[in-house]
Ligand SMILES: Nc1nc2c(ncn2[C@@H]2O[C@H](COP(=O)(O)OP(=O)(O)O)[C@@H](O)[C@H]2O)c(=O)[nH]1
Ligand SMILES: [Mg+2]
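In my numbering, the protein residues as written are 2 to 363.
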């Protein structure tokens, strides 16, 4: 395993942990307010994932101020429950059902949630409005955590770790990749970008702008119409030789129905695996939050073809309705790892299920 850049605080952390097998460690990198407790010989990447998750808890307001639309739609629930009494149950549950549907929870989940509330109310387990609301929040949280529990990046133990970003055109892949580079770099990782979108001429220019903005190195195709898989191979090789921690690979946007582009994606996946065994460690599918439940067939197709390890839901600052986050996790069993809440460099936030539930049901 290659060692990390000596200037990176996380690399130092990783090295010292190798010597501290049993002791507890508290780390406070100067540039951040987070605190990480880790024990034993946990690896560099496990720690990185954890640090990012810790951070998620403190960024709640920023992440979810974007969900004002969902909050508004769901605010009706508070009013309904305020005056709830047993005789009123059917009407209240009908209205609750509607509020969930309007917020893109999707019919299957909505029925599941409402039916279980009805059962508990009739069994006398829920006796007041606040109790019903708590049960509602618990069931949404359960849906999110049961099936999509691994929200931390899983980066293995070989360096460089490789993350591939995939998804349809315009969903926000390149932007999310840039924001992710910024976040990981801020936590001390040495990042290399790979311009694997060789399909559109302007795509690598766009990634080069992100490379400048985040002060990261980038590998781009040497000639026009280069194969995406060769660009990624070249990048991961360089990542290995120059001891990068993580290589972030952009790919070209494709419709999930486009066969040849899907083939290219498979080729990319194989190519990076030949350079570093176990790579890519993560294949993150970018889904445009504003497409609501339409994202489901797309996600299924990508997952079948390349095996998606995590989701990035973008544009949640716009007209997106938060319920789709729950549907997508429930339908696919793939965790949401990050959410995009704007176009700026800071606008990609780690996903935290508990914070999410508190944000949409304040
Ligand atoms: N408001 C908002 N816009 C976003 C977000 N993520 C991406 N975008 C915008 O969506 C457009 C397409 O993004 P891009 O990264 O080029 O998509 P790609 O084709 O999948 O690589 C750009 O104008 C981005 O600025 C987000 O979280 N919020
Ligand atoms: Mg792109």
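Yeah, the Cβ is synthetic: ideal placement off N, Cα and C, and Gly gets one too. Here the structure is a predicted model, which means the values were calculated and not measured.
Handout entry: residue 207 CB to nearest heavy atom of ligand 4 below 8 Å
Key = Ligand 4 is not among the ligands present in this structure, which contains only ligand 1 and ligand 2.
For the 8 Å Cβ check, are there 3 or more pairs between the stretch 185-204 and the stretch 240-257? yes
- Item | Supposed contact pair residue 287 and residue 107 - C-beta distance, whole angstroms, cut 8 Å | Position 106 of the chain shown, counted from the first residue, corresponds to residue 107. Position 286 of the chain shown, counted from the first residue, corresponds to residue 287. Contact doesn't hold; Cβ gap of about 20 Å is too wide.
Kindly indicate which three-state DSSP category residue 106 falls into: helix, strand or coil? Against the chain shown, residue 106 aligns to sequence position 105. Residue 106: coil per DSSP, three-state reduction.
- prompt: Is it true that the CB of residue 272 sits closer than 9 Å to the CB of residue 328?
  reply: Sequence index remark: in the chain shown, residue 328 carries index 327 (1-based). Sequence index remark: in the chain shown, residue 272 carries index 271 (1-based). No, Cβ-Cβ distance for residue 328 and residue 272 is not below 9 Å.
| task | Take residue 208 and list the residues in its own chain whose beta-carbon comes closer than 8 Å to its own, dropping the five residues that flank it on each side. | result | Here residue 208 corresponds to residue number 207 of the chain shown, with the count starting at 1. Cβ within range, chain order: 175, 178, 179, 194, 196, 198, 219, 221 and 251.
- Tell me whether residue 199 counts as near ligand 1, meaning its Cβ is closer than 8 Å to at least one heavy atom of that ligand. Start at 1 with the first residue of the chain shown, and residue 199 comes out as number 198. It does not: the Cβ of residue 199 is nowhere closer than 8 Å to a heavy atom of ligand 1.
Between which two residues does the beta strand (DSSP E) containing residue 127 stretch?
-> Counting from one through the chain shown, the residue named residue 127 turns up at place 126. Looking at the DSSP string, residue 127 is not in any beta strand (DSSP E), and its letter there is neither H nor E.
Quiz item: Which of the three DSSP states, helix, strand or coil, is assigned to residue 358?
Solution: Stepping through the chain shown from its first residue, residue 358 is reached at position 357. The answer is helix: DSSP assigns residue 358 an H, G or I state.
Taking 9 Å as the CB-CB limit, is residue 142 close to chain C? This model lacks chain C altogether, as it is built from one protein chain only.
- Message: Measuring only from the beta carbon, is residue 308 closer than 8 Å to any heavy atom that is part of ligand 1?
- Response: Along the chain shown, read from residue 1 onward, the residue named residue 308 stands at position 307. Not so, every heavy atom of ligand 1 lies at least 8 Å from the Cβ.
| field | Residue closest to residue 285, alpha-carbon to alpha-carbon, out of 162, 211, 309 and 297 | value | Counting from one through the chain shown, the residue named residue 285 turns up at place 284. Residue 309 is the option with its Cα nearest to residue 285.
Could you tell me which of 291, 190, 325 and 244 sits nearest to residue 144, measuring between CA atoms?
-> Position 143 of the chain shown, counting from 1, holds the residue named residue 144. Nearest C-alpha to residue 144: 325.
How is the alpha helix (DSSP H) around residue 181 delimited, first residue to last?
On the chain shown, residue 181 is found 180 positions in, with the first residue counted as 1. Looking at the DSSP string, the run of the alpha helix (DSSP H) that includes residue 181 is 174-187.
If you measure between the beta carbons of residue 138 and residue 358, is that distance less than 9 Å? Within the chain shown, the letter at position 137 stands for residue 138. Within the chain shown, the letter at position 357 stands for residue 358. Cβ atoms of residue 138 and residue 358: closer than 9 Å.
DSSP three-state assignment for residue 122, whether helix, strand or coil:
Position 121 of the chain shown, counting from 1, holds the residue named residue 122. DSSP places residue 122 in helix when its eight states are reduced to three.
- Query: Can residue 289 be considered in contact with ligand 2, in the sense that its beta carbon sits closer than 8 Å to one or more heavy atoms?
  - Reply: Position 288 of the chain shown, counted from the first residue, corresponds to residue 289. Result no, Cβ not under 8 Å from ligand 2.
For residue 185, which option in 48, 87, 132 and 362 has the closest C-alpha, if you only look at C-alpha atoms?
Position 184 of the chain shown, counting from 1, holds the residue named residue 185. Measuring from the Cα of residue 185, the nearest candidate turns out to be 48.
* To do: Verify whether the separation of the beta carbon atoms of residue 201 and residue 254 is less than 9 Å.
  => By 1-based counting over the chain shown, the position of residue 201 is 200. By 1-based counting over the chain shown, the position of residue 254 is 253. Taking 9 Å as the Cβ cut-off, residue 201 and residue 254 qualify as a contacting pair.
query: When every heavy atom of ligand 2 is checked, does at least one fall within less than 8 Å of the C-beta of residue 182?
result: The residue given as residue 182 occupies position 181 in the chain shown. Every heavy atom of ligand 2 is 8 Å or more from the Cβ of residue 182, so no.
*asked:* Here's the rule I'm using: 16 or more other beta-carbon atoms within 10 Å means buried, otherwise exposed. How should residue 348 be labelled?
replied: As a working note, residue 348 is residue 347 in the chain shown. Burial call: buried.
Review point. Could you give the distance in angstroms between the alpha-carbon of residue 233 and the alpha-carbon of residue 332?
Key: For this step, residue 233 is matched to residue 232 along the chain shown. For this step, residue 332 is matched to residue 331 along the chain shown. When rounded, the distance between both Cα atoms is 31 Å.
Review point. Per DSSP, residue 153 is paired with what?
Key: For the purposes of this step, residue 153 is identified with residue 152 of the chain shown, where counting begins at 1. According to DSSP, residue 153 bridges with nothing at all.
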